[in-house]
Amino acid sequence: MAKAGDKIGGSGNKGLKRKAATEERQEAAVAEDGTTESGVQPSKAAAFPPGFSVSEIKNKQRRHLMFTRWKQQQRKEKLAAKKKLKKEREALGDKAPPKPIPKTIDNQRVYDETTVDPNDEEVAYDEATDEFASYFNRQTSPKILITTSDRPHGRTVRLCEQLSTVIPNSHVYYRRGLALKKIIPQCISRDFTDLIVINEDRKIPNGLILSHLPNGPTAHFKMSSVRLRKEIKRRGKEPTEHIPEIILNNFTTRLGHSVGRMFASLFPHNPQFTGRQVATFHNQRDYIFFRFHRYIFKSEKKVGIQELGPRFTLKLRSLQKGTFDSKYGEYEWVHKVCAYSKKSHLENFKRME
Amino acid sequence: MAAAAARWNHVWVGTDTGILKGVNLQRKQAANFTPSGQPRREEAVSALCWGAGGETQILVGCADGTVKHFSTEEGRFQGQRHCPGGEGMFRGLAQVDGSTLITCVDSGILRVWHDNDKEASSDPLLELRVGPGVCRMRQDPARPHLVATGGKENALKVWDLQGSEEPVFRAKNVRNDWLDLRVPIWDQDIQFLPESQKLVTCTGYHQVRVYDPASPQRRPVLEATYGEYPLTAMTLTPGGNSVIVGNTHGQLAEIDLRQGRLLVCLKGLAGSVRGLQCHPSKPLLASCGLDRVLRVHRIRNPRGLDHKVYLKSQLNCLLLSGRDNWEDEPQEPQEPNKVPSEDTETDELWASLEAAAKRKLPDVEQSQGALQTRQRKKKRPGSTSS
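Residue numbers (our numbering), protein chains in the order written: chain A, 161 to 513; chain B, 39 to 424.
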């Protein structure tokens, strides 16, 4: 007690507000012998200087104490407010105002101005005459070259092999340290229409470069969540040689259209429905999920699906006009990292900030 | 209606699909103009320049070798001129004295044509071979008979069209670098600095260089670098001391030419910058690029994006109207019967109030807003006020 008194005297001489507060708390703690309680708060709160927060207490035990006390009080207040609101609502009965709708990501969608309107003539003309026109006019059929970055490890090699079974008319070649700019003219002369390069880092594939060949755009993706066939649970047997169908979901903006068309031009036009295989590119908030399934219709409305084939997730990093030339090429779209903006580019989706 | 509104467009943009777009930032409208009514990729616009008579005519250089005349007063294409010769797209278009046309193509053929609408095509008045791989041909706005050309492995040359066949100024490459290797040349854009003989170029190797033909040295007087990607477009700022450059990643930067250092970066563009132009007096910058969006930034107090317009095709080049009465647009009368009387009323009002509005810059918008509301109330004396 004497010690407490001395300390108070000391703080009185110095006149520091915080010390005065701590002394008062010390007093309270000493008086209560450290028992936790919750009812004394209002009188103590009034004594704290303004702008004081629980985090300024240096003593961890006391700080924890104060925090738990504050938290319990907050919970009490919240519960009391809820009960009161409920009572008011019941009292009003029919005249009660409607319940407020909780905010969800779906609710906050803002219309993106670059969304493609199906009736838009200008965009239709643009698409009818762009680099993929020859594919969509059935003049060329796809022939794909799949390769990796130099010296690939086992996972990447197996992914390439599995991809070549998924994409018809594709060939895997080992990259013998050759420069892409030298590979591309050779591919063009041998009538390849697309080039896929799977980039590898630390023994796992982490990037995908998809280049449409004669002079088409080059898309650079970041690849994540790669699962090879043996890692997929409850999978079906090996995919057959049938040409799969393709599903492209949610590629609604102009940029999304370009990327969607790039994916579509990888596969031949005539899917063989007897094979019952389907490759899906599902875009959700700028992440493109690739899955390969075999389906069977059990009845008119019920389908059973078996996942075959590899699965991975892609995120577009840049779309470059022209074949691969990362240094001097012109970019149609580049992903610019902006920490606070949550705008999506491939899909008509924008959260209100 | 579209024709009448066309003259008030602030920005004219040429696209890859052959459409000329006129954008009115005040009314936030964009209009498409095509010579044949349908977009055609063979008519992709590669060069735009103002024609004769102030800003009433635009010369549109298309990929098929024709230069089309577009009248902003009438809002339609008036005629075209076939300018054959050389291969590649137009890299520069300029007009001299209202009747002479200068064109330069990719392969280096620079021709001066007599711009006569009646004759479909005639021989050029003058032809110069500038060297292959031309990226830009620019005319000096102060001395219209001087043009500068530059390109990939094609050093900067200044030609006098009235003089000899040899260039007036031929730039020399910088010294070999620290590994004693030749520094490659790739001049992507050229600008003439006002009130001096100097020229500024921006290169594909991310350098900005200033040349001075008046000085004895043919090498650049100042060199600054920005970024790691090729600089594709450049424009001068109203002060005349700095340039704004854009590169293939959509990064815009203002570089001071007195010291050669970077002042500001502007953000927003996602694709390669194809066209840049600053307003001659206001701190506004219009930029267009491969991401299909036209942006107008404000470069001084406060810096930021003013307008953003999504135009659905890839944009190749733009022309910014240099007129001063940006916001002072006579309003379109709502009742067509009262058109003549109301126009005179509005013109008188604007004339008397313009002087007052121009005194203080920050108050301009507020006062004009107030003026416009006062305007509207005056216009409809009969109707009940809202």
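Note that the Cβ used here is the ideal one computed from N, Cα and C, for glycine as well.
Own chain residues within Cβ distance below 6 Å of residue 400(B), not counting five before or after: Low confidence applies to residue 400(B): its pLDDT is 46, below 50, so where it sits in the model is not reliable enough to give any reading.
CB-CB under 7 Å to residue 321(B), same chain, minus the five flanking residues each way: which ones, in chain order? 276, 336, 337 and 338
Determine the DSSP secondary structure at residue 429(A), reduced to helix, strand or coil. coil
Assuming residue 351(B) contacts residue 54(B) under a Cβ cut-off of 8 Å, what Cβ separation, rounded to an integer in Å, is found between them? 6 Å
Proximal residues of chain A, C-beta to C-beta of residue 345(B) below 7 Å: What residue 345(B) touches in chain A: nothing, since even the nearest Cβ is about 13 Å away.
Taking the CB atoms as reference points, tell me whether residue 98(B) and residue 123(B) lie closer together than 8 Å. no
Would you be able to state if there are at least three C-beta pairs under 8 Å between the stretch 355 to 371 of chain A and the stretch 437 to 448 of chain A? no
Flag this pair as yes or no: are the beta carbons of residue 285(B) and residue 244(B) separated by less than 8 Å? yes
Would you list the one or two residues that DSSP bridges to residue 384(A)? 473(A)
If you count every other CB in all the chains shown that lies within 10 Å of the CB of residue 297(A), and 16 or more means buried, which is it? exposed
Can you grab the Cα-Cα spacing for the pair residue 176(B) / residue 310(A), in whole Å? 45 Å
Quick check for students: name the residue ranges of the alpha helix (DSSP H) that lie wholly in the stretch 87 to 163 of chain B, counting only runs of 4 or more. none
Do you know offhand how far residue 452(A)'s Cα is from residue 458(A)'s? 19 Å
Buried or exposed (CB count within 10 angstroms, at least 16 for buried), residue 404(A): buried
Report buried or exposed for residue 385(A), applying the criterion of at least 16 other Cβ atoms within 10 angstroms of its Cβ. exposed
Three-state secondary structure assigned by DSSP to residue 560(A): Look at the range of chain A in this structure, 161 to 513, and you will see that residue 560(A) is not part of it.
With H, G and I counted as helix, E and B as strand and the rest as coil, what does DSSP make of residue 45(B)? coil
Hey, residue 309(B) and residue 491(A): beta-carbon distance below 8 Å or not? yes
Cβ distance (whole Å) where residue 52(B) is taken to contact residue 363(B) below 8 Å: Contact doesn't hold; Cβ gap of about 24 Å is too wide.
Extent of the continuous beta strand (DSSP E) to which residue 198(B) belongs: 192 to 198
Which residues DSSP lists as bridging residue 361(A), in chain order: 364(A)
Count the other CB atoms within 10 Å of the CB of residue 271(B); is the residue buried (16 or more) or exposed (fewer)? buried
Just to confirm my understanding: we take residue 103(B), look at its own chain, exclude 5 residues before and 5 after, and list those with CB closer than 7 Å. What are they? 120, 121 and 122
Name the DSSP beta bridge partners of residue 70(B), please? 59(B)
Where does residue 531(A) sit, in a helix, a strand or coil, going by DSSP? Nothing in the structure corresponds to residue 531(A), since chain A is present only between 161 and 513.
Any beta strand (DSSP E) of 3 or more consecutive residues that is wholly inside the stretch 261 to 288 of chain B: 269 to 274 and 280 to 285
Rounded to a whole number of angstroms, what is the C-alpha to C-alpha distance between residue 146(B) and residue 167(B)? 6 Å
Helix, strand or coil at residue 300(B) [DSSP, three-state]: strand
Using the beta-carbon of each residue, which ones in chain A are nearer than 8 Å to residue 244(B)? What residue 244(B) touches in chain A: nothing, since even the nearest Cβ is about 10 Å away.
Check each residue of the stretch 400 to 431 of chain A: if its Cβ is closer than 9 Å to any Cβ of chain B, include it; give the result in chain order. 414 and 415
Quick one, which of 435(A), 471(A), 324(A) and 401(A) has its alpha-carbon nearest residue 389(A)'s? 471(A)
Hey, does residue 348(B) have any beta-carbon neighbour from chain A nearer than 8 Å? yes
Based on Cα-Cα distance, which residue from 113(B), 233(B) and 207(B) lies nearest to residue 251(B)? 207(B)
Could you name the residues that DSSP lists as bridge partners for residue 352(A)? BP columns for residue 352(A) are empty, so no partner.
For residue 334(A) versus residue 242(B), is the C-beta distance shorter than 8 Å? no
Given this structure, state the Cα-to-Cα distance separating residue 340(B) from residue 497(A), to the nearest angstrom. 23 Å
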